[in-house]
Amino acid sequence: MVGQYMNTSANPETTPISAYLSEDQGGSSFGRMLNNALIITRREVRDSLRDWRIMGPIVILTLLFPLLAQFVAGQFSNFLQGFGAEIIGGRTIPFLLMIVGFFPISISLVIALETFVGEKERRSLEPLLSTPLSNTELYIGKTLAAILPPLAASFVGMSIYLFGLFNSPETAWRPPAALVIQIFLLTTVQGLVMITGAVVVSSQTTSTRAANLLASFIIIPVTMLIWVESAIMFLAPDAESPNGISSLWAIILGMCVVVALLLRVGNSIFNREELLGRTLDKIDIKGFFRGVWRGVRAIDEQGTKAANLFAWYRRGIPLSLRHLGAAIPLTIVFFVLALVGGYIFGITGSYQLRLPEGLSLQDAARYVDPGLLFRGSAVVEVFMQNWRILALATALGIFTFGSMAFVLTPAVYFIIGYLASQLFLSGYDPSFLIPALLTHGIVEIPVIVIATAAALKLGAVVTRPPRGKTVGQAWTAAFADTVKLWLGVLLPGLLLAAIIEVYITPAVVAAFLRGS
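Just so we're aligned, residue 271 is where the sequence shown starts under our numbering, counting upward by one.
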């Protein structure tokens, strides 16, 4: 039985893992899967604890770095007290607590990076992959083994730092309990993101050198995120709130989503046969561009080339729109939620603009002069502004599983909802926003929805490739659909919307205001 693994007197170096597996295991299928995965976890953790080259730096960072951080916090607090800036010192202490937890995880990243490719180079991977464990059990077991030691070291270091702060006469820091919980949760989810990302890298590379080089794509974004979190800790108006900093709760939730996506990606693309057979990473750039060009011209699932532009628009564009699937309705729902969220945000007392009351909208019509915008450069400026936002959302969506597409583009609708609430609270009729937005929005809003849905599909397709396709094939097809929609719908639509916005929308708004 699995439980006998820890009690067996057999030599774990020579006893095969399959000896600890039993075909007659009770419980649910999830319980059996977890029990089998924990066999791998215990094996990996035991091997890590025996390797002094791994444990030495972790122990040093865990024990010494908190003492150093405590010394820095005390000296910094004393220095700031001389200038009457104690609040800055108080905001620095939780940031140092987060750094104390981050360092053991960043150094321990080598454990996760060697999870698969390290065993392959040591030629110990073949016996492991020959066990009756499933791909999911192997992947979960390896991932848990890479997560547990770094997180344990991080929590010990943070506890030492907190204990020193509570008992130090220089700081005597007494933070809100919610803030401490937030920092521990932030450290946990950041560690999970880094480690799960490193396990994905380890399962897809052919050497530890390549894995270590690719680790920069994990450490750098997380480091930038820590900069953002530190700025929030310094500047957030609710930094002393007993409920914690609201922005940090949002970051924690977002990071949890990223962890779930990374676990799904890693498990879906893990293949033991490919891992053993792949000895050299080969980049087929020509093949990639051929696949993209074939997908751009395709008018059916078989990749039939469009005979002419009319056939391409009649059959090719609808084909790519169908490939977006649930991304389009999901985008629409998210935009509506952003609009409602902006309105709710605006009616809260602390964020109201306090607009002047009693102004005549008919007088405001004088300031809406369509002639001011009758210049060709205005069309180019509006077009380029919209193009940059959608292109940036698409580019960021590639590296964030499509999540950043739901950060940039819905911001416009959040602002619209907020402005509508301010007008309503000040006694104005916000209905003039309808012609101001829908005149060109008839074209622009569907274009933004399609662009956001395409960015979501392009980033999220790696988490669940279609049946019968590899991750590379699925992403190439999604990229081809994105390029096709940009060429056939998005760019022409943005240009048409810019022309309407410059030449027609101001006249419609001015006429509406005069008649109100």
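The beta-carbon is built from N, C-alpha and C at its ideal position, and this holds for glycine as well. These figures come from a predicted structure and were not determined experimentally.
message = Buried or exposed, going by whether 16 or more other CB atoms sit within 10 Å of the CB of P420?
response = buried
Would you tell me roughly how many angstroms separate the C-alpha atoms of V470 and T601, rounded to the nearest one? 28 Å
Beta strand (DSSP E) runs contained entirely in the region 449-507, provided each spans 3 or more residues:
none
task: Look at the alpha carbon of V463 and the alpha carbon of R584, and state the distance between them as a whole number of angstroms.
output: 43 Å
Take the Cβ of E407 as the centre, count every other Cβ of all protein chains shown within 10 Å, and call the residue buried at 16 or more, exposed below. buried
* To do: Assign P736 to one of two classes, buried (16 or more other C-beta atoms within 10 Å of its C-beta) or exposed (fewer than that).
  => exposed
On the three-state DSSP scale, how would you describe A568?
strand
Can you tell me which of V329, A723, V759 puts its alpha carbon nearest to the alpha carbon of A748? A723
Given a threshold of 16 other Cβ atoms within 10 Å of its Cβ, counted over all protein chains shown, does R658 qualify as buried or as exposed? exposed
Given 8 Å, three or more beta-carbon pairs between the region 360-375 and the region 421-428: yes
| message | Taking the straight line between their C-alpha atoms, what separation do you get for P336 and K390? | response | 36 Å
**Distance, V459 Cα to Q452 Cα** = 10 Å
Exercise. Run through DSSP, which three-state label would K412 get?
Worked result: helix
Note to self: Since L662 and L678 should fall inside the 8 Å C-beta cutoff, what is the C-beta to C-beta distance between them, to a whole number of angstroms?
What the structure shows: 6 Å
Query raised in the report: How close, in whole Å, do the beta carbons of I598 and V753 come, if the pair is a contact with beta carbons under 8 Å?
Result: With 8 Å as the limit, I598 and V753 do not qualify as a contact, their Cβ atoms being about 18 Å apart.
| said: Between V731 and chain D, is the shortest Cβ-Cβ distance under 7 Å, so that the two count as touching? | reply: The chain inventory of the structure shown lacks chain D, comprising one protein chain alone.
- request: Tell me K575's beta-bridge partners as DSSP assigns them.
  value: A568
inquiry  = Just verifying my parser: in three-state terms, what is the DSSP assignment at V652?
reply    = helix
**Message:** Mapping the DSSP letters down to three states, classify D317 as helix, strand or coil.
**Reply:** helix
May I ask you to report which of helix, strand or coil DSSP gives S400?
coil
| field | Where D751 falls: helix, strand or coil (DSSP) | value | helix
Cα-Cα separation, S691 to D508
23 Å
For this session: Please confirm whether I488 and G467 have their CB atoms less than 7 Å apart.
Result: yes
- Contact the region 647-655 vs the region 569-589: 3+ CB pairs below 8 Å: no
For this session: Would you tell me roughly how many angstroms separate the C-alpha atoms of S472 and F540, rounded to the nearest one?
Result: 10 Å
Going by DSSP in three states, M368 sits in which element: helix, strand or coil? helix
Which value, in whole angstroms, describes the spacing of the CA atoms of I410 and L304? 8 Å
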